[in-house]
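**Q** Below is one structure. I have some questions about it.
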Amino acid sequence: MNSRDILETINMIDNENLDVRTITMGISLLDCVDPDVDRACDKVYDKICRYAGNLVKTGEDISKEYGIPIIHKRISVTPIAMLAAACPDKNPVHFAKALDRAAKAVGVNFIGGYSALVHKGFAPGDYALITSIPEALSETELVCSSVNIGSTKAGINMDAVAKMGAIVRDTALATADRDCIGAAKLVVFCNAPEDNPFMAGAFHGAGEPDCVINVGVSGPGVVRAALAKAGDCDITGVADTVKKTAFKITRMGQLVAQEASRRLFVPFGIVDLSLAPTPAVGDSVAHILEEMGLECCGAHGTTAALALLNDAVKKGGVMASSHVGGLSGAFIPVTEDAGMIHAAQCGALSITKLEAMTAVCSVGLDMIVVPGDTPAEIISAVIADEAAIGMVNSKTTAVRLIPAIGKKAGDELNFGGLLGSGPVMDVNRYSPLKFISRGGRIPAPMQSLKN
Amino acid sequence: MRAVITVIGKDMVGILAKVSTICAENGVNVVEVTQSVLQDLFAMIMMVDISKSTVPFNELSDKLTAIGSEMNLTVHVMHEDIFNSMHRI
Chain A
3 MNSRDILETI NMIDNENLDV RTITMGISLL DCVDPDVDRA CDKVYDKICR YAGNLVKTGE
63 DISKEYGIPI IHKRISVTPI AMLAAACPDK NPVHFAKALD RAAKAVGVNF IGGYSALVHK
123 GFAPGDYALI TSIPEALSET ELVCSSVNIG STKAGINMDA VAKMGAIVRD TALATADRDC
183 IGAAKLVVFC NAPEDNPFMA GAFHGAGEPD CVINVGVSGP GVVRAALAKA GDCDITGVAD
243 TVKKTAFKIT RMGQLVAQEA SRRLFVPFGI VDLSLAPTPA VGDSVAHILE EMGLECCGAH
303 GTTAALALLN DAVKKGGVMA SSHVGGLSGA FIPVTEDAGM IHAAQCGALS ITKLEAMTAV
363 CSVGLDMIVV PGDTPAEIIS AVIADEAAIG MVNSKTTAVR LIPAIGKKAG DELNFGGLLG
423 SGPVMDVNRY SPLKFISRGG RIPAPMQSLK N
Chain B
63 MRAVITVIGK DMVGILAKVS TICAENGVNV VEVTQSVLQD LFAMIMMVDI SKSTVPFNEL
123 SDKLTAIGSE MNLTVHVMHE DIFNSMHRI
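In structure tokens form, the structure reads like this:
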């Protein structure tokens, strides 16, 4: 074995924040459906504890043996709206509490799937679940929620878009005493993937097996360091460097995924090839873009640099893993990325620039703090714009806005930990009220007619 | 099963002796050693066979990490597959 390779890996882990971001166990709860809500919740709790009882320990063992930090052990479940459909008169929050209890019992740090898929309309259970999101996220700690309001195949459900603007605001209000943390656990999707291991948007899709292991890799710091070492090469050289680095990172993720799958007797699902930043120094996607030659993330040229990065990450990763899925690309959450926070604070990065960047990155407007008095219809309109980008480009887009109740543009909101902190960013105040109030559906675009 | 022990830090007397003593005490066979000293920085890479190890992997790793921190050195014990998968196709 080549000693330079060995030392390179160790340097990546020790100095460049290389880690496996998450091992997420997907668990189907379809067999827990019961018209008696208490019995359904008991089944949910029991099944999660039975399947995921060893998840955390196994993750820690693998981490120790291979010497790779594995930051999160998490669970995603079947969209709870499907279970809530069987108990029409009951408050779906019962399920959220059961999920929270189960997550605490098995020791994971988030459980995703308090979700509804309403891209074409509301089925039984969906409306009740969406209405209950503010209560569910304020009364639980570890539950994450997501709602899919559009897709390339179905178009955009504008009734759901209008509803979600109010729900995002109400969720922030319900947790105003805790830095509006509820809104940080709520994602509104277009083209939501069914096998995403990353929170807050993870859920276990209806097409998934009973139980599955999905792994999300990370490593923005490693990519940045590789680019720094590459020096003054041309852009082709930059893309090649990113590709080679992404390959190595993903191989590590693939190894961890296979090992976790073998030890837990659960099939391996996918590796999500994402560059997921954290607020830690040296773990920033924005700093990769700056390493490519931008003075500050948000400058003109940022969208092109991000497009190159996102594509090169996929090209490098796709050969390294036998099954790739989830979101797979570069994340650009503002409050979770030291470089993005700085760019937003100094005024280089605005919401409009972020929107352009989401057309070429893997997710969307993520962890953006907006003024607390932002009206629901403006939040809805932001969701509609973002969903339109996803729908037309056949890609996943998402919105995770945090209305900072009681704060205005320029103030700071601080969650602490991995969720980070960020400045309140201003939104365009011209009213989209009439457009949002119309309701109905944006028809599926021509891109949907591929058959 | 084979593992890779790496020791990185400031060079001093007895590093190899201390690490290999722990290996010997725990039934871990040293297969190969390479070491290099760049200026003052010492890097030793030891390939070991742990299939006859008398202690679980975790314990071995903890013991070696502990002796490392005593000498102000960074010690890693990692399954060899991590390097194979990252650097070989």
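Protein sequence lines correspond, in order, to chains A and B.
Plus 2 on top of the position in the first sequence (first one is 1) and you've got the working numbering.
Plus 62 on top of the position in the second sequence (first one is 1) and you've got the working numbering.
Every residue gets a Cβ at the ideal spot worked out from N, C-alpha and C, and that includes glycine.
Between the region 202-213 of chain A and the region 403-415 of chain A, are three or more C-beta pairs nearer than 8 Å?
**A** Not touching, per the Cβ criterion.
**Q** Within a Cβ cutoff of 6 Å, which residues of the same chain sit near V365 (chain A), ignoring the five residues on either side of it in sequence?
**A** Result list for V365 (chain A): L329, F333 and A400, in chain order.
**Q** With a cut-off of 8 Å on the beta carbons, I'd call A100 (chain A) and C51 (chain A) a contact; round off their distance for me.
**A** Their Cβ separation, rounded to whole angstroms, is 11 Å, which puts A100 (chain A) and C51 (chain A) out of contact at 8 Å.
**Q** When the Cα atoms are used, what is the spatial distance from V145 (chain A) to N88 (chain B)?
**A** Spanning the two alpha carbons is a distance of roughly 44 Å.
**Q** Determine, for M133 (chain B), whether the minimum Cβ-Cβ distance to residues of chain A falls below 8 Å.
**A** Answer no: the Cβ-Cβ gap between M133 (chain B) and chain A never drops below 8 Å.
**Q** Taking the runs of the alpha helix (DSSP H) that are 4 residues or longer, which of them lie wholly in the region 206-254 of chain A?
**A** Listed in chain order, the complete alpha helix (DSSP H) runs (minimum 4 residues) inside the region 206-254 of chain A are 222-232.
**Q** Step through the CB atoms of chain A and report whether any lies within less than 8 Å of the CB of D102 (chain B).
**A** No, D102 (chain B) does not count as interfacial toward chain A.
**Q** Between I70 (chain A) and chain B, is any beta-carbon pair separated by less than 8 Å?
**A** With 8 Å as the cut-off, I70 (chain A) counts as an interface residue toward chain B.
**Q** Tell me, please, which residues DSSP counts as bridged to F119 (chain B).
**A** For F119 (chain B), which the question treats as bridged, DSSP gives no partner whatsoever.
**Q** When DSSP labels each residue in this structure, what does H121 (chain A) get in the three-state scheme?
**A** Correct three-state label for H121 (chain A): coil.
**Q** Could you tell me the alpha carbon to alpha carbon distance between T133 (chain A) and R265 (chain A), rounded to whole angstroms?
**A** For T133 (chain A) and R265 (chain A), the distance between alpha carbons rounds to 39 Å.
**Q** So, is the C-beta of A79 (chain B) closer than 8 Å to a C-beta in chain A?
**A** No, A79 (chain B) lies away from the interface with chain A (no Cβ there is under 8 Å from its Cβ).
**Q** Is any beta-carbon of chain A found at less than 8 Å from that of T83 (chain B)?
**A** Chain A, which has no Cβ nearer than 8 Å to the Cβ of T83 (chain B), makes this no.
**Q** Whole angstroms are fine: how far does the CA of V336 (chain A) sit from the CA of E141 (chain A)?
**A** Approximately 26 Å between the Cα atoms of the pair.
**Q** I need the straight-line Cα distance from E132 (chain B) to I391 (chain A), nearest angstrom please.
**A** Whole-angstrom Cα-Cα distance: 56 Å.
**Q** Assign C235 (chain A) to buried or exposed, taking buried as 16 or more other Cβ atoms, counted over all protein chains shown, within 10 Å of its Cβ.
**A** The residue is exposed, with fewer than 16 neighbouring Cβ atoms inside 10 Å.
**Q** By Cβ distance, which residues of its chain are closer than 8 Å to P90 (chain A), with the 5 residues on each side in sequence left out?
**A** P126, G127 and A130.
**Q** When the Cα atoms are used, what is the spatial distance from P279 (chain A) to D38 (chain A)?
**A** For P279 (chain A) and D38 (chain A), the distance between alpha carbons rounds to 42 Å.
**Q** Helix, strand or coil for C298 (chain A)? Go by DSSP, reduced to three states.
**A** Note: C298 (chain A) maps to coil in three-state DSSP.
**Q** Does N120 (chain B) get closer than 8 Å to chain A when you measure Cβ to Cβ?
**A** Yes, N120 (chain B) counts as interfacial toward chain A.
**Q** At a cut of 8 Å, does the region 436-445 of chain A reach the region 353-364 of chain A through at least three beta carbon pairs?
**A** The region 436-445 of chain A, when compared against the region 353-364 of chain A, does not touch it at the 8 Å Cβ threshold.
**Q** Straight-line CA distance for L420 (chain A) to H74 (chain A)?
**A** Straight-line Cα distance between these residues: approximately 11 Å.
**Q** Which residues in the same chain as V258 (chain A) place their Cβ atom closer than 8 Å to its Cβ, once the five residues preceding and following it in sequence are excluded?
**A** Contacts found: V22, I25, I64, Y68, I70, I72 and V217.
**Q** Quick one: list the residues of chain A neighbouring V139 (chain B), beta-carbon separation under 8 Å, in chain order.
**A** G69, listed in chain order.
**Q** Please confirm whether D274 (chain A) and N150 (chain A) have their CB atoms less than 8 Å apart.
**A** Contact flag unset, no.
**Q** Pick helix, strand or coil for P199 (chain A), following the three-state DSSP scheme.
**A** The answer is coil: DSSP assigns P199 (chain A) none of H, G, I, E or B.
**Q** I believe G318 (chain A) touches K246 (chain A) by the beta-carbon criterion, under 8 Å. Please report the beta-carbon distance rounded to the nearest angstrom.
**A** Indeed, because the Cβ distance is near 6 Å, the residues count as touching under 8 Å.
**Q** Can you tell me which of A:C192, A:A107, A:D40 and A:L32 puts its alpha carbon nearest to the alpha carbon of V57 (chain A)?
**A** Residue 57 (chain A) is actually Leu in this sequence, not Val. The candidate whose alpha carbon is nearest that of L57 (chain A) is A:A107.
**Q** Closer than 8 Å, CB to CB, is D242 (chain A) near chain B or not?
**A** No, D242 (chain A) lies away from the interface with chain B (no Cβ there is under 8 Å from its Cβ).
**Q** Note down the Cα distance separating V163 (chain A) from V79 (chain A), rounded to an integer number of angstroms.
**A** Each residue's alpha carbon lies about 23 Å from the other.
**Q** Report the residue from A:T360, A:E293, A:I385 and A:E297 whose alpha carbon sits nearest the alpha carbon of T305 (chain A).
**A** Among A:T360, A:E293, A:I385 and A:E297, the Cα nearest to that of T305 (chain A) is on A:T360.
**Q** Unbroken alpha helix (DSSP H) runs of length 4 or more, entirely within the region 339-383 of chain A: which are they?
**A** Here the runs fully enclosed are 340-347 and 353-360.
**Q** Taking the alpha carbon of T243 (chain A) as the reference point, which residue from A:C298, A:L310, A:F191 and A:R402 has its own alpha carbon closest?
**A** Nearest C-alpha to T243 (chain A): A:L310.
**Q** C146 (chain A) by DSSP, collapsed to three states: which one?
**A** The answer is strand: DSSP assigns C146 (chain A) an E or B state.
**Q** Against chain A, does T136 (chain B) count as a neighbour if the rule is that its beta carbon must be under 8 Å from one of theirs?
**A** Cβ-Cβ to chain A under 8 Å: yes for T136 (chain B).
**Q** With a CB to CB cut of under 7 Å and the five nearest residues on each side skipped, what residues in its chain are close to T96 (chain B)?
**A** So the qualifying residues of the chain are I107.
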